[in-house]
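The sequence shown: position 36 = 50 (the numbering used here), numbered continuously.
Heads up, the beta-carbon is just placed ideally off N, CA and C, and yes, glycines get one too.
Here is the structure we will look at, set down as C-alpha cells.
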Amino acid sequence: MGTRDDLLAAAKQCLAERGYARTTVRDIVAASGTNLAAINYHFRSKDDLLNLAMVESVSDAMQELLAAQADGEAGGVRVRLEEFWARLVGSFDSDRALWSANIEALAQALHSPEVRAPMAEGQQRARSDLAELLGPDNDENAGTVIVTLLNGLLVQWMVDRERAPTGAQLTAGVLALADALKADGGS
C-alpha cells in the first residue's frame, strides 16, 4: 500500500475506534505511520479524508450485506427483505463502531457541506443498489424507501435497541401500507 492507502486505512480504523467527531489528525498520523503533510497532500484536509473513509466504510458494509443477500436469493420479495433487515441489524451489532460513526457523520453533515456532499452521493448510490434487492425490475423509489427505513432503523436501534422495530415488523408495515394504498385506489 502507498501513503494514500495507508492514510485511508488508518482513517477507517480511527473512525471505528474513536468515532467521527473524536478522530484527530494525530490519531490518523499515528495509525498510518505517515506525517501530517501527507494528509493535506493526498486529501486536502482531515475532513475530506474522514468523509471518504466514512463513505467507503458504509459502502463496503452495504456491499457485504448485498453480497450475502445475493447468495440467498431463494424466496420472494418478502423473504429477501426480511433477510436483508436481519443481516442489517446483525451488522449494527458486529460493526457498532462503524454505524455509530455514521450517525456522528450525519450530525456533522448538518453543518458542513464538505461532509454532506459525499454522504448524499453515498445515499444516492445506496438507493440504486437497494432497489435491486427487490428484483432487477424495481425502480429507484423502492430503494429510496429502503434507505429511508434503514436510516430510521439505525437511529432507533442506537437510541433504544430493545424496542427498535424488527425486520419482520418493517416488512409487514411496508406491505400493510401497500395494501392500504391499493385499497384506496391511488386517490
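Nearest C-alpha to Gln183 among Leu163, Glu135 and Lys196: Leu163.
Around the C-beta of Met133, 16 or more other C-beta atoms lie within 10 Å, and the residue is accordingly described as buried. Per DSSP, the continuous alpha helix (DSSP H) segment holding Asp193 begins and ends at Gly181 to Asp198. Separation of Met68 and Lys60 (C-alpha to C-alpha, rounded to the nearest whole angstrom) is 12 Å. The beta carbon of Leu120 sits closer than 6 Å to none of the beta carbons in its chain outside the five residues before and after it. A residue is called buried when at least 16 other Cβ atoms come within 10 angstroms of its Cβ; Ala81 does not meet this threshold and is exposed.
Around the beta-carbon of Met76, 16 or more other beta-carbon atoms lie within 10 Å, marking it buried. Distance check between Ile53 and each of Val39, Leu66 and Gly90 places Val39 closest, using alpha-carbon atoms only. Excluding five sequence positions before and after Ala51, none of the CB atoms of its chain fall closer than 6 Å to its own CB. Going by DSSP, Met133 is part of the alpha helix (DSSP H) stretching over Pro127 to Ala145.
If you draw a straight line from the Cα of Ala145 to the Cα of Phe106, it is about 21 Å long. With a beta-carbon spacing of about 4 Å, Asp20 and Ser46 fall inside the 8 Å limit used to define contacts.
Scanning Gly157, Ala24 and Glu118 for the CA closest to the CA of Phe98 turns up Gly157.
The C-alpha of Pro179 lies about 21 Å from the C-alpha of Ala115. Here Ala35 carries a coil assignment [DSSP, helix/strand/coil].
Distance from the CA atom of Gln170 to the CA atom of His56, rounded to whole angstroms, is 36 Å. Residue state for Ser73 is assigned as helix, using DSSP reduced to three classes.
Its chain contains Thr17, Asp20 and Leu21 as the residues whose beta carbon lies nearer than 7 Å to that of Thr48, once the 5 sequence neighbours on both sides are disregarded; these appear in chain order. Ala140 and Leu29 have their C-alpha atoms spaced approximately 21 Å apart.
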